[in-house]
Each structure stands twice: as structure tokens, then as C-alpha cells.
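Working notes, beginning with the structure itself.
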Amino acid sequence: MGATEANPLGLAVVPLKFIVKAQIDKIPGDNQRREATAQFTGVQYGAAAANICTLAIGNPAIAVLCFAGGFAFGYDKVKSIPTETDCVNKHMAKFEEAVATGRVYKVSLKTCEGLFESRQPLVAQALPASVQ
612 MGATEANPLG LAVVPLKFIV KAQIDKIPGD NQRREATAQF TGVQYGAAAA NICTLAIGNP
672 AIAVLCFAGG FAFGYDKVKS IPTETDCVNK HMAKFEEAVA TGRVYKVSLK TCEGLFESRQ
732 PLVAQALPAS VQ
């Protein structure tokens, strides 16, 4: 098709991505950081989708649609991941139940999954005859 690289940044985009990601990681608020990450990820997914469509179809209008679809997909993937605050709020009822019943409830903040810890019952051991 005679297509050539039109990106003036070329390989300079790779370190730029790491710089932008490092700046996003410095944002103090969970929700603001997640929003910035979602937008950044959306742009990356959109660019990848547009590149694939351009190579496969060669129509710029379809590439724009592919960019929009890729952006939406990447953005939604990040926004579906709960923040630590969202995760704790999601499990608050279980934490309260654990306190009320004297049990331990643990939550993994990476996966936002929680479970009650199972305790092994104490087994009474027989005392030696010399102690009785």
C-alpha cells in the first residue's frame, strides 16, 4: 500500500510512556490517579487498534473508529478495577460482621477479594498422669 511511518516521535514514544506513567503514579488521590491511568491506557489501546486497522484495512476513517473503540475498551478496563477505598467500602459489611462475631476477615487489595479466616479449634490435650 505504500504506507510509511507517519509518527514524528518514532521510538521516542517508548521512554515517553514510562515518563508519563511515572508522573501518573505520583498523583496522590486514588480516583484521580485511576482516571489519569484510564485515559493513558485508553490512548495506548486506541493507538494500537488504529495501527492494526490501518495495516489490515488501510482506510483512515475506519482507523479513527478503531481508535475510538480501542480507547473505550482500554479506559473501561482500568475503570473497572476498584481503588483501595472502593475495595474497603465493598467489604465493610463483612468487616463489621467479623468484629461482631470475633472472627478475622482478610481482604487482598490487589484482587479486592475477601474471606473469613478459618480458625482451627483448640484441642484439649490430655495431661500426663504425674501432673493430675
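Throughout, the numbering used here is defined as the position within the sequence shown, counted from one, plus 611. Backbone N, C-alpha and C fix where the C-beta goes; we use that ideal spot for every residue, glycine too.
Quiz prompt | Nearest to Thr648 (by Cα), restricted to the options Ala683, Lys632, Ser691 | solution = Lys632
Quiz item: Can you tell me the Cα-Cα spacing of Gly685 and Pro626, whole angstroms?
Solution: 20 Å
Practice problem: Report the three-state DSSP secondary structure of Lys637 (helix, strand or coil). | Solution: coil
Quiz item: Going straight from the alpha carbon of Val715 to that of Lys705, what length do you get?
Solution: 10 Å
Exercise. Quickly, what does DSSP pair Phe727 with across the bridge? List them, please.
Key: Tyr716
Quiz prompt | Phe727 classed as buried or exposed, judged by whether at least 16 other C-beta atoms fall within 10 angstroms | solution = exposed
Exercise. State buried or exposed for Phe678, treating a residue as buried only when at least 16 other CB atoms are found within 10 Å of its CB.
Key: buried
Self-check item: Coarse secondary structure for Ile663, derived from DSSP in three states
Solution: helix
Quiz item: What distance in whole Å lies between the Cβ atoms of Asn642 and Gly722, which are believed to be in contact at a cut-off of 8 Å?
Solution: Here residue 722 is Thr; the residue named in the question, Gly, does not match the sequence. 20 Å between Cβ atoms; not a contact.
Exercise. Grab the span of the alpha helix (DSSP H) containing Thr722 for me, first residue to last.
Key: From DSSP, Thr722 is part of no alpha helix (DSSP H); its letter is neither H nor E.
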